[in-house]
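Below: the structure, in structure tokens.
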Amino acid sequence: MSVQELSELDAWMSWLSTLGGACSALGDGSVRWADTAASISVRQMTIARRLGDPTIVARCRLYTAIACIQKHQYKVLYPDGLMKRTGLLT
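Using the numbering used here, you'd call the opening residue of the sequence shown number 57 and step up by one each time.
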């Protein structure tokens, strides 16, 4: 991976982190915002995997779990639920 690509991915992570945090804060009162926050977390996880950073991948899993909690979707957090099927637990 080139230095330029690393720099671009890092910039994207910063933008997505800012947007995800804002959407997550609004997600406490609106399922729509919680859905958006979850979607952003999945995008961040894709970038984190590409960067090979397991710490950021773990944080993205946490943010996705928080979005599920905001939507009262507790079943998807179980090992046989959505997070496992979508690769969020791998």
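All C-beta atoms, glycine included, are put in the ideal place defined by N, C-alpha and C.
Query raised in the report: For the alpha helix (DSSP H) that contains Y119, what are its first and last residues?
Result: DSSP places Y119 inside the alpha helix (DSSP H), whose first and last residues are P110 to Q126.
Query raised in the report: Residue range of the alpha helix (DSSP H) that D84 falls in?
Result: Segment: none, D84 is in no alpha helix (DSSP H) and carries neither H nor E.
Query raised in the report: Taking DSSP as the reference, what is the three-state secondary structure of M148?
Result: Lying outside 57 to 146, the shown extent of the chain, residue 148 is not represented and no answer is given.
Requested in this report: Report, in whole angstroms, the separation of the C-beta atoms of M101 and C116, which I expect to be a contact under 8 angstroms.
Outcome: Between C116 and M101 the Cβ distance is about 4 angstroms, and since that is below 8 angstroms, they are a contact.
Query raised in the report: Of the choices A93, P110, R106 and I122, whose alpha-carbon is the least far from that of L72?
Result: Closest by alpha carbon: A93.
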